[in-house]
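2 protein chains.
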Amino acid sequence: MNNKNSGVDIDLGNACSKNAYSWAKKTFVNRAGKAGEPRIGVDGAFSNVLKFKDARIGISSDGVGTKIELAERTGIYHTIGHDLMAMTVDDLAANGFEATSISNIIDLDFLDYHIIDAMMQGLHEAAALAGVAVTGGEIAELGPRMNGYGDKMHFNWCATAIGILPDVLDGPIDGTAVHAGDIIISLKSRGFRSNGFSLVRQVMTDAFGNDWHTTQYDDEKTWGEMLLTPSIIYTRMITDLVEHGILPTGIAHITGGGLADNLGRALKASGLGAELTNIFAPADFVKNLQERGKISEEQAYRIWNMGNGMIVIVRPADADSAITRMGEMGFEAQVAGCILPKSGITIETKGCHPTTLRYTDTNK
Amino acid sequence: MNNKNSGVDIDLGNACSKNAYSWAKKTFVNRAGKAGEPRIGVDGAFSNVLKFKDARIGISSDGVGTKIELAERTGIYHTIGHDLMAMTVDDLAANGFEATSISNIIDLDFLDYHIIDAMMQGLHEAAALAGVAVTGGEIAELGPRMNGYGDKMHFNWCATAIGILPDVLDGPIDGTAVHAGDIIISLKSRGFRSNGFSLVRQVMTDAFGNDWHTTQYDDEKTWGEMLLTPSIIYTRMITDLVEHGILPTGIAHITGGGLADNLGRALKASGLGAELTNIFAPADFVKNLQERGKISEEQAYRIWNMGNGMIVIVRPADADSAITRMGEMGFEAQVAGCILPKSGITIETKGCHPTTLRYTDTNK
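Protein chains in written order, with the numbering used here: chain E, -9 to 354; chain Y, -9 to 354.
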C-alpha cells in the first residue's frame, strides 16, 4: 500500500504547489519598496520575511486536514486546536520566527454551538502553550459542500499565523549557517501530528472496518482516541533557545514528506548532508499501525514523522545547553546525529523493521 | 422565503461567533507587553491592531463561501480570486489599513492542475488591483470531505490578509471620529460580491431547476455567468484617499447583514445614525433575481449589498475631493446621505419595490 493508493498524489501536489507559487511570486512586485515587501533569500526564493518598518514579519497558513475526521469519530473536539496551532506556528518556528498571532477559519456544513465551543476552548489552551494570541476568526456556513463522518457538524479548520523575527537574528533561519559537524537534535513527537492521515485511515479501515475508531487499542483507550493524540507545539522552545543565545543553524518541522524531505529542505542552502543514528522511536501505537498496514520502513518515514516532530541543528558547543533548555521546558530531546560534509541523508530507522535508509537527492 | 429557510441561521451564527470571540479574547494576555500585542479599542473590544515595534498591523480572514459553486457550475475559475481578495482586504480597508500581503488556502477533494492554475492566475490579477503580494499558500487534499457541483474538482478557498496602518492615522478608522453632518459616500457594487449566495441559489433553483446556471440571462450571458460577476476591490482607493490627506471618519464594507448591519457597526462608537437618501440601485440582474424570488425589500437589503459595496464617511469639506479621487481611480461613487445626530438608520431603497426602511436598533 502506498499513499497514492490512499488518495494522495504527492507528485501532482508538488506540481500544483510549484505552479501556485510561480503565480504568487509574480505578485511580489506589487509591494516592491513598500511596507510588507517580501524579502528574497539567498537562493532567489521567497525567504518568508515581510518587512514592516523595523519589524520583520513571517506568515504561515495551514489546516488540520483530515485528522478532523478523528474528532468527528470520537466526539472529542478540544484537542484538534493543538494540531491547528502546531501546524501553523511550528512552520514559523522552523524559520526562527516567534509566533505572535493566529487567525482561524472554521468552514462547516451547519452550526453546532457546543462543538465550536469545544474547538475554541482547545485553541485557547493551545494558544497559551504557544504564547500566541488568537486575533482573528471566521465561521463560514457552507452547507452540503462540507462532508465528513457521522451525522453531526462536519467542518474544516485552517488558520494563518504571523510572527516576528527576534532582533538577535540577522535573518530568518534558512539553513545557510549550517556547517559540517553541526549537531542534530531531535524533538520527540507523541503521535501522527496532523499529517499522513489518509494512509492512517486506510490501514485502520482495512484492519477493523468502517467503525475502526471504536476498536479498543488497550484497556483504556480506543484506536480513535489514540490517533487523536494532539500535536506537541514546539514554537516557544525555539524562541526560548534564541533568547538564551543558542541560535540554531537550521530547523526542520517534520510534516508531510517525513524526516528526509523536511530535513532536506533545511539543508538545501548549505548543500550538506546528515546522518541520523539516534532518532526517537515512534510511539507504540504508531508501530502497531505500521505493522498492521504492512507499511514498509521507507514508506512510513516518507509519510509520517515516526516519533520525531522537529529537528534542530546547532553548533557542537551549543548542543548540551540546547538539550538542557529543551528538557527544562518539558520537551523530550536528544542528539540524533550530525551534519556531514556532503549531500545525502542517512537514517537508522526505529519503526517495526529497523533498517538504514539512504537518500541521495535531498537538496533539490 | 427568508435566509433561514435557505439554510443560514443568522442568530445562531452570531451566537457562535460571539462565543468564539470570547475564547479568542482570553488569549490576548499571551501577548501582553510583547510584539504582536492586540490593542483594545475605545469600547473595550479588540481594535484589530497588532503592534510590532513601530508597525501597526491588521489581520483579516475570510473565504469565497458558496459563490465557489458558480465557478464549478460555469467552469470559469479565474474570477473568484477577485472575490477572495475583496472579502479579506476590504475588511482591512474598512479600518484604514493598507493591505500588503495575503496568504491563501485551497481545500479540495482531488487536485486539478488546470483549475488551480486558473484560480491562481485570477488571484494574481486581483493582487495587482489590490496592490498586495501573495506571500503564502497551502493546498490541502481532503478527499470526500469536500463536496460541490458536478464531477470536477470541488474546493473551498479562504485567505488571510495582513496590512499596515498608515502613519498619518492616529489609530484604526473605527468610527469614533464620525460626527453629525458628515457626508456618506457610497461605492457602487456590480453584483452580489461574495455574500448571500445561499438565498441566490434557492431563488435560482426554484425558478429554473437544478441546472439554473445554464439558463440564458440575456443574448450574451447565462445566469451562471451573471451571478459570477466578480467583486470590486476597494482597498487601494481607501489608501489613496488617506495618502491625499482625505481621512474618512468611518468606513463600512457591505458584506453579510447588508447596509444597515455593516453601517450600524461603523456608527457604533459614535452612537449616531444615518439617512441614506441616494444610494446606488442594484444591477439589473440583481433586481431581476429579487423579483423572481419575491424577496421583500427589507429582506434583500438585509442579505445582499444591493449595489453598494462600501460606504465611506467623510467630513463635509472632504466630500467633493473624495468623490473626485474615487472617480479618477475608476470607482463609481456618489453622495448617498449624511450622518444624523441620533441613532437609527433610514434607507430609501432602490430594489424592485422602492420603499423607506427604518432601523432603530443599529448601534448594538
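Don't be surprised by glycine CBs; every beta carbon is placed ideally from N, CA and C.
Inter-residue Cα distance where the pair is Ile174 (chain Y) and Ala151 (chain E):
Your numbering for residue 174 (chain Y) matches position 184 in the second sequence. Your numbering for residue 151 (chain E) matches position 161 in the first sequence. Cα to Cα, the separation comes out at about 36 Å.
Within 9 Å (strictly less), CB to CB, does Val124 (chain Y) reach chain E?
Within the second sequence, residue 124 (chain Y) is the residue found at index 134, counting from 1. So yes, Val124 (chain Y) belongs to the interface.
Is there a Cβ from chain E that is less than 9 Å from the Cβ of Thr150 (chain Y)?
Working through the second sequence from its first residue, we reach residue 150 (chain Y) at position 160. Output row for Thr150 (chain Y): interface = yes.
For Gly55 (chain E), which option in E:Lys41, E:Asp44, E:Thr78 has the closest C-alpha, if you only look at C-alpha atoms?
Taking the first residue of the first sequence as 1, we reach residue 55 (chain E) at position 65. Of E:Lys41, E:Asp44, E:Thr78, the residue nearest in Cα terms is E:Thr78.
Does Ile30 (chain Y) pass the burial test, meaning 16 or more other C-beta atoms within 10 Å, or should it be called exposed?
Numbered from its first residue, the second sequence carries residue 30 (chain Y) at position 40. It is exposed - the Cβ of Ile30 (chain Y) has fewer than 16 other Cβ atoms within 10 Å.
Go ahead and pull the three-state DSSP assignment for Arg355 (chain Y).
Residue 355 (chain Y) cannot be examined here, being either before or after the span of chain Y that is shown, -9 to 354.
Which residue marks the beginning of the beta strand (DSSP E) containing Ile285 (chain E), and which one marks its end?
Position 295 of the first sequence, counted from the first residue, corresponds to residue 285 (chain E). Neither: Ile285 (chain E) is in no beta strand (DSSP E) and is coded neither H nor E.
Let's test the definition: count the other Cβ atoms within 10 Å of the Cβ of Glu88 (chain Y) and tell me whether it reaches 16, buried, or not, exposed.
Taking the second sequence and counting its residues from 1, the one referred to as residue 88 (chain Y) is at position 98. Buried.
Check whether the Cβ atoms of Ser184 (chain Y) and Asn298 (chain Y) sit closer than 9 Å, and answer yes or no.
The residue you call residue 184 (chain Y) lines up with position 194 of the second sequence. The residue you call residue 298 (chain Y) lines up with position 308 of the second sequence. Contact flag unset, no.
Would you call the segment 263 to 280 of chain E and the segment 327 to 347 of chain E touching, i.e. three or more CB-CB distances under 8 Å?
yes
In the DSSP assignment, find the beta strand (DSSP E) that holds Ser184 (chain E) and state where it starts and stops.
Locating residue 184 (chain E) in the first sequence gives position 194, where the first residue counts as 1. Careful: Ser184 (chain E) lies outside any beta strand (DSSP E) and carries neither H nor E.
Under 9 Å between C-beta atoms, does Pro238 (chain E) make it to chain Y?
Indexing the first sequence from 1 puts residue 238 (chain E) at position 248. It does not; no Cβ of chain Y falls within 9 Å.
Assess, as a yes-or-no matter, whether the segment 286 to 300 of chain E is touched by the segment 115 to 133 of chain E under the definition of 3 or more beta carbon pairs within less than 8 Å.
no
Please state whether the Cβ-Cβ distance between Leu253 (chain Y) and Ile301 (chain Y) is less than 9 Å.
The residue you call residue 253 (chain Y) lines up with position 263 of the second sequence. The residue you call residue 301 (chain Y) lines up with position 311 of the second sequence. Result yes, Cβ atoms of Leu253 (chain Y) and Ile301 (chain Y) sit closer than 9 Å.
How many Å lie between Trp195 (chain Y) and Asp201 (chain Y) at the Cα?
Here the question's residue 195 (chain Y) lines up with position 205 in the second sequence. Here the question's residue 201 (chain Y) lines up with position 211 in the second sequence. Before going further, note that residue 195 (chain Y) is Thr rather than Trp in the sequence given. Approximately 8 Å, taken between the alpha carbons.
Consider the Cβ of Asp73 (chain Y): report whether some Cβ of chain E lies at a distance smaller than 9 Å.
The residue you call residue 73 (chain Y) lines up with position 83 of the second sequence. Taking Cβ atoms only, chain E never reaches closer than 9 Å to Asp73 (chain Y), which makes this a no.
Close Cβ partners of Asn38 (chain Y) (< 7 Å) along its chain, the five nearest in sequence each way excluded:
Numbered from 1 along the second sequence, position 48 holds the residue referred to as residue 38 (chain Y). Around Asn38 (chain Y): Gly48, Asn85, Pro162.
To the nearest angstrom, report how far apart Gly140 (chain Y) and Gly140 (chain E) are at their CA atoms.
Position 150 of the second sequence, counted from the start, is the residue given in the question as residue 140 (chain Y). Position 150 of the first sequence, counted from the start, is the residue given in the question as residue 140 (chain E). So the alpha carbons of these two residues sit roughly 23 Å apart.
Confirm, please, whether the CB-CB distance from Gly171 (chain Y) to Pro306 (chain Y) is below 9 Å.
Sequence index remark: in the second sequence, residue 306 (chain Y) carries index 316 (1-based). Sequence index remark: in the second sequence, residue 171 (chain Y) carries index 181 (1-based). Yes, they are a contact pair.
Note down the Cα distance separating Thr115 (chain E) from Thr314 (chain E), rounded to an integer number of angstroms.
Reading the first sequence from its first residue, position 125 is the one you call residue 115 (chain E). Reading the first sequence from its first residue, position 324 is the one you call residue 314 (chain E). According to the sequence as given, residue 115 (chain E) is Glu; it is not Thr. Their Cα atoms are separated by approximately 25 Å.
Are there 16 or more other CB atoms within 10 angstroms of the CB of Gly53 (chain E), so buried, or fewer, so exposed?
Against the first sequence, residue 53 (chain E) aligns to sequence position 63. Result: buried.
Helix, strand or coil at Tyr207 (chain Y) according to DSSP, with G and I counted as helix:
Position 217 of the second sequence, counted from the first residue, corresponds to residue 207 (chain Y). Reduced to three states, the DSSP call for Tyr207 (chain Y) is coil.
Cβ-based burial, Tyr349 (chain E) [other Cβ within 10 Å; buried from 16]
Reading the first sequence from its first residue, position 359 is the one you call residue 349 (chain E). Label assigned to Tyr349 (chain E): buried.
Is the beta carbon of Leu60 (chain E) less than 9 Å from the beta carbon of His203 (chain E)?
Translated into positions along the first sequence, residue 60 (chain E) becomes position 70. Translated into positions along the first sequence, residue 203 (chain E) becomes position 213. Cβ distance < 9 Å, so Leu60 (chain E) and His203 (chain E) count as in contact.
Go ahead and label Asn(-8) (chain E) buried or exposed: buried means 16 or more other beta carbons lie within 10 angstroms of its beta carbon, across all protein chains shown.
The residue given as residue -8 (chain E) occupies position 2 in the first sequence. In this prediction, Asn(-8) (chain E) has a pLDDT of 48, which is less than 50 and means its spatial position is unreliable; nothing more can be read from the coordinates.
Less than 7 Å between C-beta atoms, sequence neighbours within five positions excluded: which residues of the same chain meet that for Gly14 (chain E)?
Against the first sequence, residue 14 (chain E) aligns to sequence position 24. Reading off the sequence, residue 14 (chain E) comes out as Ala, not Gly. Excluding positions up to five away in sequence, the list is empty.
For a cutoff of 9 Å on Cβ pairs, would you count Asn94 (chain Y) as touching chain E?
Along the second sequence, one-based indexing puts residue 94 (chain Y) at 104. Yes, Asn94 (chain Y) counts as interfacial toward chain E.
CB contact check: Ile289 (chain Y) to chain E, cutoff 9 Å:
As a working note, residue 289 (chain Y) is residue 299 in the second sequence. A small correction: the amino acid at residue 289 (chain Y) is Gln; Ile does not occupy that position in the sequence shown. Closer than 9 Å: no.
Which chain Y residues sit within Cβ distance under 8 Å of Glu128 (chain E)?
Position 138 of the first sequence, counting from 1, holds the residue named residue 128 (chain E). In chain order: Ser51, Asp52, Gly53, Cys148.
Measure from the alpha carbon of Arg180 (chain E) to the alpha carbon of each residue in E:His234, E:Glu322, E:Thr225, E:Asp308, then state which is nearest.
Mapped onto the first sequence, residue 180 (chain E) falls at position 190. It is E:Glu322.
From what residue to what residue does the alpha helix (DSSP H) around His343 (chain E) run?
As a first step, residue 343 (chain E) is located in the first sequence; it is residue number 353 there, counting from the start. Careful: His343 (chain E) lies outside any alpha helix (DSSP H) and carries neither H nor E.
If you drop the 5 nearest sequence neighbours on each side, which residues of the same chain put their C-beta closer than 6 Å to that of Glu62 (chain Y)?
As a first step, residue 62 (chain Y) is located in the second sequence; it is residue number 72 there, counting from the start. Within the same chain, Glu62 (chain Y) has close Cβ partners Gly138, Tyr139, Gly140.
Just grab the DSSP bridge partners of Met75 (chain E) for me.
Within the first sequence, numbered from 1, the residue matching residue 75 (chain E) stands at position 85. Met75 (chain E) is not bridged to any residue.
Indicate whether at least one CB of chain Y lies closer than 9 Å to the CB of Ala14 (chain E).
As a position in the first sequence, residue 14 (chain E) is number 24, starting the count at 1. Closer than 9 Å: yes.
Return the Cβ separation of Ile70 (chain Y) and Gly127 (chain Y) in integer angstroms, given the expectation that the two are a contact with Cβ distance under 8 Å.
Here residue 70 (chain Y) refers to the residue found at position 80 of the second sequence. Here residue 127 (chain Y) refers to the residue found at position 137 of the second sequence. With a Cβ gap of about 15 Å, Ile70 (chain Y) and Gly127 (chain Y) do not count as contacting.
Which residues in chain E have a C-beta closer than 8 Å to the C-beta of Ser7 (chain Y)? List them in chain order.
Position 17 of the second sequence, counted from the first residue, corresponds to residue 7 (chain Y). Residues of chain E passing the Cβ test: Gly127, Ile129.
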